[in-house]
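Asker:
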Amino acid sequence: MKRTSLMIFLFLLVSCASYRPSYRTVPMAPGESVEEHFKTGKKYMITTQGRHSSRAGEKMMELGGNAIDAFAAISFAISVERPQSTGIGGGGFLLYWKPGMDEPIALDFREKAPLKGHKNMFLDKSGKEVPRKSLDGIFAGGTPGLVAGVIEAHARYGKLPLHTVIQPAIDLAEKGFEVYPGLAKALAYKKSALAQFPASKKIFFKDGDVLKEGDKLVQKDLAKTLRTIQNRGKNGFYKGWVAKAIVREEKRRGGLITQDDLDKYNVIQRRAVGGSYKDYNVFSMSPPSSGGIHVIQILNTVEPLNLGHYGIQDWRTIHYTASAMQQAFADRAKYLGDMDFVKVPIRELTSKAYAKKIREKIPSDRALKKEEVLPGKFAGYESPETTHFTIMDSEGHVVSTTQTINGYFGSSLVIPGTGILLNNEMDDFATKVGAKNLFGAVGGENNLVEAEKRPLSSMSPTIVLKNKRPVIAVGSPSGTRILTCVAQTLLNYLEHKEPLLNSVSSVRYHQQWYPDELRIGTFGLQRETELKLKEMGHKLTHKNLGCRVQAIAFEEGTLIGVSDPRGQGMASGK
Ligand code: DON
Numbered sequence: 249m250k251r252t253s254l255m256i257f258l259f260l261l262v263s264c265a266s267y268r269p270s271y272r273t274v275p276m277a278p279g280e281s282v283e284e285h286f287k288t289g290k291k292y293m294i295t296t297q298g299r300h301s302s303r304a305g306e307k308m309m310e311l312g313g314n315a316i317d318a319f320a321a322i323s324f325a326i327s328v329e330r331p332q333s334t335g336i337g338g339g340g341f342l343l344y345w346k347p348g349m350d351e352p353i354a355l356d357f358r359e360k361a362p363l364k365g366h367k368n369m370f371l372d373k374s375g376k377e378v379p380r381k382s383l384d385g386i387f388a389g390g391t392p393g394l395v396a397g398v399i400e401a402h403a404r405y406g407k408l409p410l411h412t413v414i415q416p417a418i419d420l421a422e423k424g425f426e427v428y429p430g431l432a433k434a435l436a437y438k439k440s441a442l443a444q445f446p447a448s449k450k451i452f453f454k455d456g457d458v459l460k461e462g463d464k465l466v467q468k469d470l471a472k473t474l475r476t477i478q479n480r481g482k483n484g485f486y487k488g489w490v491a492k493a494i495v496r497e498e499k500r501r502g503g504l505i506t507q508d509d510l511d512k513y514n515v516i517q518r519r520a521v522g523g524s525y526k527d528y529n530v531f532s533m534s535p536p537s538s539g540g541i542h543v544i545q546i547l548n549t550v551e552p553l554n555l556g557h558y559g560i561q562d563w564r565t566i567h568y569t570a571s572a573m574q575q576a577f578a579d580r581a582k583y584l585g586d587m588d589f590v591k592v593p594i595r596e597l598t599s600k601a602y603a604k605k606i607r608e609k610i611p612s613d614r615a616l617k618k619e620e621v622l623p624g625k626f627a628g629y630e631s632p633e634t635t636h637f638t639i640m641d642s643e644g645h646v647v648s649t650t651q652t653i654n655g656y657f658g659s660s661l662v663i664p665g666t667g668i669l670l671n672n673e674m675d676d677f678a679t680k681v682g683a684k685n686l687f688g689a690v691g692g693e694n695n696l697v698e699a700e701k702r703p704l705s706s707m708s709p710t711i712v713l714k715n716k717r718p719v720i721a722v723g724s725p726s727g728t729r730i731l732t733c734v735a736q737t738l739l740n741y742l743e744h745k746e747p748l749l750n751s752v753s754s755v756r757y758h759q760q761w762y763p764d765e766l767r768i769g770t771f772g773l774q775r776e777t778e779l780k781l782k783e784m785g786h787k788l789t790h791k792n793l794g795c796r797v798q799a800i801a802f803e804e805g806t807l808i809g810v811s812d813p814r815g816q817g818m819a820s821g822k
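Its first residue numbered 249, the sequence shown is counted upward by one per residue in our numbering.
This is how it looks when you write it as structure tokens:
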């Protein structure tokens, strides 16, 4: 109760617009309001990065559907509402928990490298990377998994007909909606890449320029494709005219994806990675995401330090947490990849013993230089878009899902006639050992392209339980920053006992080993803290981390939803 009343107090405080420049001020995105981003409810709660999508989920709940019906409706609707972030030409991960399960199930519907893909596909004859080949156009796309994943989850756990859950997305695509500030910004940013492809121009341009804020975005071809999926299920995408259109475009542009790739696409149910933080059980996404492993590794590293004694903004909290992040990224570069192809030492990386070794190497009075941080050694081990949304209901069903086409508008290429934007997830592979991806993360041997392999991800849909009851579920977009934003939100809430709104809106920081910098979000730290960290050798930079955390907590019978105020979004509940 204490935390709920604090939330309400904070809510009142911010709605009274007492915008003192302190970390307690909510960093609201233009055009957004605290009222829409923060809700409490008793029956269900939904937090997404799109108003129309949250409403689509709400509608399913009102029709008597469950959390998975809402998941399916939102997945399709957000594909329409946030074409810069996700889409049916992409992929994602789902963590789902319902009472009676031993642990959440993890569904992997990540894109796959084409059968003809190989480790040199982004290099020229002399072995140099071909600029932007993994980012723009036909080679950037992996075989999409989103439609297969959403339909599989819905078939297993949904209550409402597929027809019903897809309808809101079809309506949204057909009738269109007003371009909001975040979409306008992304369009302006990717204008020249989109302009290369006539089918992309047809949708996102008007009178020779990209659509602007307030213009209407209508996606008729996408509506047609969605209607085909509505009638034919998964086959509406992977077979028939939509598949033919994909294969035709691949062939015309010399791409690698064939009908064989579409036929062989498979959703995989994986075991979620699990760990504990004090009394809580933390579950998150397993490889091919690095996210879950490193969220747990970071939490393990700082757990015995009881940073809650110091508070979120204290230099000790930031120093130890950032150092834990730095080590996590050194391990990520060496060990992480698709575990169907390479051995990932999950047990070791998420063990308390390894966390102890890391902790003992962090000096109390100075930052470690990147050269001092080396990946751990394990003896013979065992085997700026994206979107996240979270759903919880009072019966204890929890959905935490992150979905993506990778960069803004993925590869920028729309498959003619379908409205489908092809992802550029191939850039999440290491184009060669030591090469950096879009997010500056260093790639290693384990993450080189191979036929049918899934590229390494940082997406970290996470669910925390205590005594088999949901406590908090979170996730975020923003590349490598995802896992550090998720870890911090969990620490803010579980360790520092901050109310959820504050846990989400507080200043964030990120350290990813290479580059050697401690990146502080634009909502800055207190000056004294910054000075102290600099003095210790942390190389501070100031740049928005890009995370848009979508969180829901369950506190004594009340569902609390927070959609990160830094971006578009909406919490809706009852
Ligand atoms: O899977 C990953 O980690 C990336 N493809 C996610 C990309 C992303 O979050 C971009 N967001 N700003």
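Glycine included, C-beta positions come from ideal geometry on N, C-alpha and C.
With hydrogens ignored, establish whether the beta-carbon of Thr728 is closer than 8 angstroms to any heavy atom of the ligand DON.
Answerer: yes
Asker: Using only the alpha-carbon positions, how far apart do Leu371 and Glu596 sit?
Answerer: 34 angstroms
Asker: In terms of alpha-carbon separation, which member of Ser811, Asn694, Lys433 and Ile566 lies closest to Ala735?
Answerer: Ile566
Asker: Using the Cα positions of Glu765 and Phe485, report the straight-line distance between them to the nearest angstrom.
Answerer: In a straight line, the C-alpha of Glu765 is about 43 angstroms away from that of Phe485.
Asker: Do Asp676 and the ligand DON come close, with the Cβ less than 8 angstroms from some heavy atom?
Answerer: yes
Asker: Run through DSSP, which three-state label would Val262 get?
Answerer: Annotation note: pLDDT 42 at Val262 (below 50); position unreliable, coordinate value reported separately. Helix.
Asker: Verify the contact flag: Glu633, CB atom, against every heavy atom of the ligand DON, threshold strictly below 8 angstroms.
Answerer: yes
Asker: Looking at Thr710 and Val495, is the spacing between their C-beta atoms short of 9 angstroms?
Answerer: no
Asker: Specify the secondary structure class of Gln478 as computed by DSSP and reduced to three states.
Answerer: Here DSSP, grouped into helix, strand and coil, assigns Gln478 to helix.
Asker: Does the segment 462 to 476 come within contact of the segment 351 to 367, defined as at least 3 CB pairs closer than 8 angstroms?
Answerer: no
Asker: Consider the C-beta atom of Leu654 and the heavy atoms of the ligand DON; say whether any pair is separated by less than 8 angstroms.
Answerer: One point to set straight first is that residue 654 is Asn, not Leu, in the sequence displayed. Correct: Asn654 has its Cβ closer than 8 angstroms to the ligand DON.
Asker: Who are the Cβ neighbours of Asp641 in its own chain at under 7 angstroms, not counting the five residues just before and after it?
Answerer: Lys291, Tyr292 and Ala315
Asker: What residues are listed by DSSP as bridge partners for Glu803?
Answerer: Thr806
Asker: Relative to the C-alpha of Asp350, which candidate in Phe324, Arg519 and Ala421 has its C-alpha closest?
Answerer: Arg519
Asker: Assess, as a yes-or-no matter, whether the segment 651 to 658 is touched by the segment 810 to 819 under the definition of 3 or more beta carbon pairs within less than 8 angstroms.
Answerer: no
Asker: Beta carbon of Leu739, beta carbon of Thr569: below 9 angstroms?
Answerer: yes
Asker: Helix, strand or coil for Phe445? Go by DSSP, reduced to three states.
Answerer: Note: Phe445 maps to coil in three-state DSSP.
Asker: Is it buried or exposed for Pro535, if we count other Cβ within 10 angstroms and need 16 for buried?
Answerer: buried
Asker: What do you get for Val646, buried or exposed, if any count of 16 or more other CB atoms within 10 angstroms of its CB means buried?
Answerer: buried
Asker: Can you tell me whether Leu363 is helix, strand or coil according to DSSP?
Answerer: coil
Asker: Which two residues bound the contiguous beta strand (DSSP E) that contains Met293?
Answerer: DSSP places Met293 in the uninterrupted beta strand (DSSP E) bounded by Tyr292 to Thr296.
Asker: Helix, strand or coil: how does DSSP classify Met818 here?
Answerer: Here Met818 sits in strand by DSSP.
Asker: Can you name, in chain order, every residue of its own chain whose Cβ lies under 6 angstroms from the Cβ of Thr666, other than the five neighbours on each side?
Answerer: Asp469, Thr473, Val490 and Ala493
Asker: Short of 6 angstroms in beta carbon distance, which residues of its chain neighbour Asn554, apart from the five on each side in sequence? Order them along the chain.
Answerer: none
Asker: Determine the extent of the beta strand (DSSP E) in which Leu788 is found, giving its start and end residues.
Answerer: Leu788 to His790
Asker: Measure the beta-carbon distance from Pro392 to Glu426 and round it to whole angstroms, keeping in mind my assumption that it falls under 8 angstroms.
Answerer: Actually they are not in contact, since the Cβ atoms of Pro392 and Glu426 sit about 27 angstroms apart, beyond 8 angstroms.
Asker: Tell me whether Gly692, by its Cβ, gets closer than 8 angstroms to a heavy atom of the ligand DON.
Answerer: no
Asker: What would DSSP say about Pro269, mapped onto helix, strand or coil?
Answerer: Confidence at Pro269 is low in this model, with a pLDDT of 29, below 50, so the placement of that residue should be treated as unreliable; the coordinate-derived value is given next. Three-state DSSP puts Pro269 in coil, outside helix and strand.
Asker: When you compare only the Cα positions, how much space is there between Leu773 and Ala321?
Answerer: One C-alpha to the other measures close to 39 angstroms.
Asker: Can you say whether Pro352 is buried or exposed, counting buried as having 16 or more other CB atoms within 10 angstroms of its CB?
Answerer: buried
Asker: Can you tell me whether Phe687 sits near the ligand DON, meaning its C-beta is under 8 angstroms from at least one heavy atom of the ligand?
Answerer: yes
Asker: With a threshold of 8 angstroms, establish whether the CB of Pro275 neighbours any heavy atom of the ligand DON.
Answerer: no
Asker: Ile594 and Ile541 look like a contact to me (Cβ under 8 angstroms); what is the Cβ gap, rounded to whole Å?
Answerer: 6 angstroms
Asker: Who does Lys287 pair with in a DSSP beta bridge?
Answerer: Answer is Gly809, bridged to Lys287.
Asker: Below 8 angstroms, is the gap between the Cβ of Glu673 and the nearest heavy atom of the ligand DON?
Answerer: yes
Asker: Output the boundary residues of the alpha helix (DSSP H) element that contains Thr565.
Answerer: Trp563 to Tyr583
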